[in-house]
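Trainee: Take a look at this one; I'll ask things after.
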């Protein structure tokens, strides 16, 4: 039997994946100091720069939703980044983790631990670099884990930091694919949607604002979308550690 339901998109059930399709998605921007902030770039990634005519003083955080690690035996963080005009990456582009952040207060209200990030770019290019996989085993069993990208700039210099494809999964990187790896039809759809290329996988239908409005097992590759409102949606298919996405229109 097929089932669908609405649920909180910030529940943080793994695998977590933020591709920044149409905004900062499920991540939250928090500015501690300065006028410049994390923002979405129309090319599909998050970026921040403390430069506005000259280098400005800034502290800006980009924070994931709460991630539940109580049901997994392992967890890893992966993301891509590009850094240009860097001054001191180790001090000014940090990745942090917390188990006591409440999701809404100032970052200073919680305890944050810096994560070690390897294979980082040199800091003088717009080219995205896949960082080394970050082991989160020490946090397995925690019910509410937050990961943050902390940006600092000073009057001495202001780097531009761009991040993309942020994922937390149970061992092994999430493999992200597009429409060339997944066949969704018909498009537009009226009452039924067929998904081929990943038999019996978990299928989620997501609004452009990031709300998961349907979650179902892809039994017989058929999904009932008759109760969805008309509009453009993202389809996310989760098959183990592989995540495939594409878009469709409901009419």
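In our numbering, the protein residues as written are 1 to 251.
Virtual Cβ for every residue (Gly too), placed ideally from N, Cα, C.
(1) Does DSSP classify residue 233 as helix, strand or coil?
(2) Which residues does DSSP list as the beta-bridge partners of residue 195?
(3) For residue 137, which of helix, strand or coil comes out of DSSP?
(4) When we look at the beta-carbon of residue 98 and count the other beta-carbons within 10 Å, is it buried (16 or more) or exposed?
(5) Let me check understanding here. Comparing Cα to Cα, which of 247, 67, 24 and 161 lies closest to residue 89?
(6) Could you tell me how far apart the beta carbons of residue 19 and residue 168 are, in whole angstroms, since I believe they sit closer than 8 Å?
(7) In this structure, does DSSP put residue 152 in helix, strand or coil?
(8) Around the Cβ of residue 158, are there at least 16 other Cβ atoms within 10 angstroms (buried) or fewer (exposed)?
(9) With 16 other CB atoms within 10 Å as the buried threshold, where does residue 114 fall?
(10) For residue 97, which of helix, strand or coil comes out of DSSP?
(11) Tell me whether residue 178 is buried or exposed, calling it buried when 16 or more other Cβ atoms sit within 10 Å of its Cβ.
(12) Would you please state the rounded distance, in angstroms, between the beta carbons of residue 117 and residue 95? I believe it to be under 8 Å.
Mentor: Put simply:
(1) strand
(2) 184
(3) helix
(4) buried
(5) 161
(6) Not really, about 13 Å apart at Cβ, beyond 8 Å.
(7) strand
(8) buried
(9) exposed
(10) strand
(11) Below a pLDDT of 50, predicted positions are generally treated as unreliable, and residue 178, at 45, falls in that range; no measurement from the model is reported.
(12) 5 Å
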